[in-house]
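**Q**
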Ligand code: MG
């Protein structure tokens, strides 16, 4: 069921989103060669405590960390730990925060030091795909408009969208209806004021297919190629879209 949020609920999500944006800025500034990914997990915990939010992913369906850190061929759900970032890696940092019973969810992909031209293009196209999807998320449009805009943007630039994982509604639960695929599937649901959505293109340099890593959490590209991920939480307004984080 799709939950329409009241203006009071949106106000809480707006505040939560602002806090999460600040946390992501801090996390981005900590990304450098030589750090263990567990360092980002510790920063997430520290910043959440300091700013009065809870990390939404911790314990979600048993997830063992405070945020997801996915490197190179890892698409999503990477578990931070002892692996060290290396110059030239691309690292996706996906984090959720909850405040007063509401969640927001966002992701960025960051290059570690100097990255290859090809990796840089993948990251830029994925961020562009998020913008293209968000731009279509206006009141009166359909979920399918977001999905097809993302797919068109990505494929016209020579990359592939991941099909088995999608964006989603977000709010009282981290994952609410509707699902928001990153590839065209038809019309889907009509967007209405007060819907809060996490739009999150995952883009592969090679083939779109995925597989699950041995830890049974981390999703990786089937062909071993690079993948990038960007995500915003937005609210559909009367005339436009507001990015919450
Ligand atoms: Mg999400």
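Residue numbers (the numbering used here): 704 to 948. The beta carbon of each residue, even a glycine, is placed where N, CA and C say it ideally should be.
On the DSSP letters alone, give me the boundaries of the beta strand (DSSP E) that residue 914 sits inside.
**A** Within the chain shown, residue 914 is the residue found at index 211, counting from 1. Start and end: 913 to 915.
**Q** Give the secondary structure of residue 697 by DSSP, where H, G and I count as helix, E and B as strand, and everything else as coil.
**A** Given that the chain is displayed from residue 704 to residue 948, the structure contains no residue 697 and the question cannot be resolved.
**Q** For residue 804, which option in 784, 719 and 847 has the closest C-alpha, if you only look at C-alpha atoms?
**A** For the purposes of this step, residue 804 is taken as residue 101 along the chain shown, with counting starting at 1. If we check each option's Cα against that of residue 804, 719 comes out closest.
**Q** Could you compute how far the alpha carbon of residue 858 sits from the alpha carbon of residue 772?
**A** Position 155 of the chain shown, counted from the first residue, corresponds to residue 858. Position 69 of the chain shown, counted from the first residue, corresponds to residue 772. Residue 858 and residue 772: Cα-Cα distance of roughly 25 angstroms.
**Q** Please work out which residues of its chain come closer than 8 angstroms, Cβ to Cβ, to residue 925, disregarding the five sequence neighbours upstream and downstream, and give them in chain order.
**A** Translated into the one-based positions of the chain shown, residue 925 becomes position 222. Cβ neighbours of residue 925 beyond the five flanking positions: 910, 912, 913 and 914.
**Q** With respect to 8 angstroms, is the separation between the Cβ of residue 910 and the closest non-hydrogen atom of the ligand MG below this value?
**A** For the purposes of this step, residue 910 is taken as residue 207 along the chain shown, with counting starting at 1. Not so, every heavy atom of the ligand MG lies at least 8 angstroms from the Cβ.
**Q** If I follow the unbroken beta strand (DSSP E) through residue 774, where does it start and stop?
**A** Stepping through the chain shown from its first residue, residue 774 is reached at position 71. Element bounds for residue 774: 771 to 774.
**Q** With a 10 Å radius around its C-beta and 16 neighbouring C-beta atoms as the bar for buried, classify residue 836 as buried or exposed.
**A** Start at 1 with the first residue of the chain shown, and residue 836 comes out as number 133. That one is buried.
**Q** Between residue 889 and the rest of its own chain, which residues show a CB-CB distance below 6 angstroms, the 5 nearest in sequence each way excluded?
**A** For this step, residue 889 is matched to residue 186 along the chain shown. Cβ within range, chain order: 847.
**Q** Here's a check: name, in chain order, each residue in its chain whose Cβ is nearer than 7 angstroms to the Cβ of residue 746, leaving out the five neighbours to either side.
**A** Residue 746 sits at position 43 when you count from the first residue of the chain shown. Within the same chain, residue 746 has close Cβ partners 729, 730 and 733.
**Q** Taking all protein chains shown into account, do 16 or more other C-beta atoms lie within 10 angstroms of the C-beta of residue 821, making it buried, or fewer, making it exposed?
**A** In the chain shown, counting from the first residue as 1, residue 821 sits at position 118. Residue 821 comes out exposed.
**Q** If we call anything under 9 angstroms between Cβ atoms a contact, is residue 938 one with residue 717?
**A** Along the chain shown, read from residue 1 onward, the residue named residue 938 stands at position 235. Along the chain shown, read from residue 1 onward, the residue named residue 717 stands at position 14. Going by C-beta atoms, residue 938 is nearer than 9 angstroms to residue 717.
**Q** Which residues in the same chain as residue 649 place their Cβ atom closer than 7 angstroms to its Cβ, once the five residues preceding and following it in sequence are excluded?
**A** Lying outside 704 to 948, the shown extent of the chain, residue 649 is not represented and no answer is given.
**Q** Taking 8 angstroms as the line, does the beta carbon of residue 876 fall inside it for any heavy atom of the ligand MG?
**A** The residue labelled residue 876 in the question sits at position 173 within the chain shown. No, since every heavy atom of the ligand MG falls outside the 8 angstroms radius drawn around the Cβ of residue 876.
**Q** Can the beta-carbon of residue 795 be found less than 9 angstroms from the beta-carbon of residue 812?
**A** Start at 1 with the first residue of the chain shown, and residue 795 comes out as number 92. Start at 1 with the first residue of the chain shown, and residue 812 comes out as number 109. Cβ atoms of residue 795 and residue 812: closer than 9 angstroms.
**Q** Is any heavy atom of the ligand MG found at a distance shorter than 8 angstroms from the C-beta of residue 808?
**A** Here residue 808 refers to the residue found at position 105 when the chain shown is read from its first residue. Result yes, Cβ under 8 angstroms from the ligand MG.
**Q** What does residue 742 pair with, by DSSP beta-bridge criteria?
**A** Your numbering for residue 742 matches position 39 in the chain shown. In DSSP, residue 742 forms no bridge with anything.
**Q** Just grab the DSSP bridge partners of residue 758 for me.
**A** As a position in the chain shown, residue 758 is number 55, starting the count at 1. Answer is 800.
**Q** On a Cα-Cα basis, can you pick out the residue from 751, 945 and 738 that is closest to residue 842?
**A** If you number the chain shown from 1, residue 842 lands on position 139. Per the Cα distances, 945.
**Q** Are the beta-carbon atoms of residue 875 and residue 815 separated by less than 9 angstroms?
**A** Working through the chain shown from its first residue, we reach residue 875 at position 172. Working through the chain shown from its first residue, we reach residue 815 at position 112. Contact: no.
**Q** Evaluate residue 943 with the Cβ neighbour count: other Cβ atoms within 10 Å of its Cβ, from every protein chain shown; 16 or more gives buried, anything less gives exposed.
**A** Residue numbering aside, residue 943 sits at position 240 when the chain shown is read from its first letter. Residue 943 comes out exposed.
**Q** Using a Cβ-based criterion (distance less than 8 angstroms to any ligand heavy atom), does residue 887 qualify as near the ligand MG?
**A** Within the chain shown, residue 887 is the residue found at index 184, counting from 1. Not under cutoff, so the answer is no.
**Q** Leaving out five residues before and five after residue 887 in sequence, what residues of the same chain have Cβ atoms less than 7 angstroms from its Cβ?
**A** Here residue 887 is taken as the residue at index 184 of the chain shown, counted from 1. Correct list, in chain order: 847, 850, 851 and 854.
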